[in-house]
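Novice: In my numbering, the protein residues as written are 43 to 148.
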Ligand SMILES: [Cu+2]
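1) If you draw a straight line from the C-alpha of residue 105 to the C-alpha of residue 128, how long is it?
2) Helix or strand or just coil, what does DSSP make of residue 130?
3) Please report the residue range of the beta strand (DSSP E) in which residue 121 lies.
4) Count the other CB atoms within 10 Å of the CB of residue 80; is the residue buried (16 or more) or exposed (fewer)?
5) Just how far apart, CA to CA, sit residue 145 and residue 116?
6) Quick one: using the 10 Å Cβ neighbour count with 16 as the cut-off for buried, is residue 51 buried or exposed?
7) Do you know how far the Cα of residue 111 is from the Cα of residue 137?
8) Please state whether the Cβ-Cβ distance between residue 131 and residue 89 is less than 8 Å.
9) With DSSP collapsed to three states, give me the class of residue 79.
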């Protein structure tokens, strides 16, 4: 009985954490962010994977033009970026100016 209750509270804890911090994967493929638009909740994490045979660079720019530059991302490398403030962001690759990802954090 006790074990059942403990298990139930662990499950609800896990569900609560999942609800507050999701990881959303963005691929970089053929010099595009895929998908190129995403809506997140505050605290969610974008997981960038690079499926291209070339380096990319990830820059996150917010409404006020504040920029976070994550640096070069090599082929096959995974980079994670948390979004802890609501707002609209644009993610760019400075190596390939046509690569754009719009991120809306609610
Ligand atoms: Cu690029």
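Backbone N, C-alpha and C define an ideal beta-carbon position, used for all residues, glycine too.
Note that the structure is a prediction, hence the values are computed from the model and not measured.
Specialist: Concretely, from the data shown:
1) Counting from one through the chain shown, the residue named residue 105 turns up at place 63. Counting from one through the chain shown, the residue named residue 128 turns up at place 86. Whole-angstrom Cα-Cα distance: 10 Å.
2) Counting from one through the chain shown, the residue named residue 130 turns up at place 88. Of the three classes helix, strand and coil, the one that applies to residue 130 here is strand, per DSSP.
3) Mapped onto the chain shown, residue 121 falls at position 79. From DSSP, the beta strand (DSSP E) with residue 121 extends over 120-124.
4) Against the chain shown, residue 80 aligns to sequence position 38. Buried: at least 16 other Cβ atoms inside 10 Å.
5) Indexing the chain shown from 1 puts residue 145 at position 103. Indexing the chain shown from 1 puts residue 116 at position 74. C-alpha separation (whole angstroms): 22 Å.
6) Residue mapping note: residue 51 aligns to position 9 of the chain shown, counting from 1. Unreliable placement is indicated for residue 51, whose pLDDT of 48 sits below 50; the coordinate value is still reported in the next sentence. It is exposed - the Cβ of residue 51 has fewer than 16 other Cβ atoms within 10 Å.
7) Position 95 of the chain shown, counted from the start, is the residue given in the question as residue 137. Position 69 of the chain shown, counted from the start, is the residue given in the question as residue 111. Distance between the alpha carbons of residue 137 and residue 111: 12 Å.
8) Counting from one through the chain shown, the residue named residue 131 turns up at place 89. Counting from one through the chain shown, the residue named residue 89 turns up at place 47. Not in contact: residue 131 and residue 89 (Cβ atoms no closer than 8 Å).
9) One-based indexing of the chain shown puts residue 79 at position 37. In the structure shown, residue 79 sits in a strand (DSSP, three-state: E or B).
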